[in-house]
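To start, the structure under review is shown below, and the notes come after it.
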Ligand code: MN
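Numbering (the working numbering), first residue to last: -7 to 255.
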């Protein structure tokens, strides 16, 4: 290599390194620096495997069964269902065959159960047409959208966000995810919840106002959905209070039971 050539190469290398450094600074400025501590990735076990489903976001649908919309004071023929979110780390995983202890939360004196089918997405997008929406679903499970009803109602009455009623620790209770390759895409079948052996909620999935496919489609108009998103698909009527010591048994046809004890 001649001196001139070596200089050219060195200069080019320095320029490349300067460019890389600037790129790196840019990346750090955009949030890609070294974390100062680690934060756990929230996951849900996948039934029958040692693998887990990493969770990105939790979406919930409100008033997706007409009889529940009516008991919550809205007219399902005039007001469509709507969405809200829970924080991902509100998840409580409940193993099959166990009654998991579930702590009665702070601040509430009217703590409610809402049993729901939950869909877990392996892909997403925006403006997903309903006929393509189920291609995004990895699997399903049985969930409880636990609710501090008194706080929700109080905030709702003041026209304030009712996040405090829905988005708290352990508020997103779930069984392990059953892959759609095994359970299909359930659109009918019984969904129920019993407290201490007495059935309180008893309905069927075909009474949803928006199907899971329609929920995904509607959600994707408002948010870019991605792999790792899960969707609580709404609860049927007869939501109600639980107290410490109560045992809740959740059933959806085709799924293992999911059970918690309020402690
Ligand atoms: Mn709900």
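Quick reminder that beta carbons are idealized off the backbone N, C-alpha and C, glycines included. Everything numeric in this text was worked out from a predicted model, so none of it was measured.
Alpha-carbon spacing of residue i relative to residue j, whole angstroms
i	j	result
residue 129	residue 182	21 Å
residue 76	residue 203	17 Å
residue 196	residue 59	12 Å
residue -7	residue 19	Reliability fails at residue -7, whose pLDDT of 46 lies under 50, so the model's placement of it is uncertain and no value is given.
residue 241	residue 42	25 Å
residue 239	residue 159	22 Å
residue 145	residue 64	10 Å
residue 135	residue 246	14 Å
residue 200	residue 26	45 Å
residue 80	residue 125	22 Å
residue 123	residue 170	22 Å
residue 154	residue 141	9 Å
Assigned exposure category for residue i - 16 Cβ within 10 Å defines buried
i	result
residue 16	exposed
residue 150	exposed
residue 72	exposed
residue 55	buried
residue 133	buried
residue -5	In this prediction, residue -5 has a pLDDT of 49, which is less than 50 and means its spatial position is unreliable; nothing more can be read from the coordinates.
residue 28	exposed
residue 261	Only positions -7 to 255 of the chain appear in this structure, which leaves residue 261 out of reach.
residue 99	exposed
residue 31	exposed
residue 139	buried
residue 178	buried
residue 243	buried
Assigned secondary structure, residue i (DSSP; H/G/I helix, E/B strand, else coil)
i	result
residue 131	strand
residue 196	strand
residue 210	helix
residue 80	helix
residue 25	coil
residue 148	helix
residue 162	coil
residue 33	coil
residue 253	strand
residue 153	coil
residue 122	helix
residue 239	strand
residue 117	strand
residue 15	helix
residue 47	coil
For residue i, the residue or residues it bridges with in DSSP
i	result
residue 88	For residue 88, which the question treats as bridged, DSSP gives no partner whatsoever.
residue 244	183
residue 108	135
residue 140	103
residue 57	200
residue 231	Residue 231 is not bridged to any residue.
For this session: Decide yes or no for the touch test of the stretch 26 to 38 against the stretch 162 to 176: beta carbon pairs closer than 8 Å, at least 3 of them.
Result: yes
For this session: Flag this pair as touching only if the stretch 205 to 219 and the stretch 86 to 104 have three or more C-beta atom pairs under 8 Å; answer yes or no.
Result: no
Exercise. Are at least three pairs of beta-carbons, each pair with one atom in the stretch 101 to 109 and one in the stretch 217 to 227, less than 8 Å apart?
Worked result: In short, these stretches touch, since the Cβ pair count reaches three.
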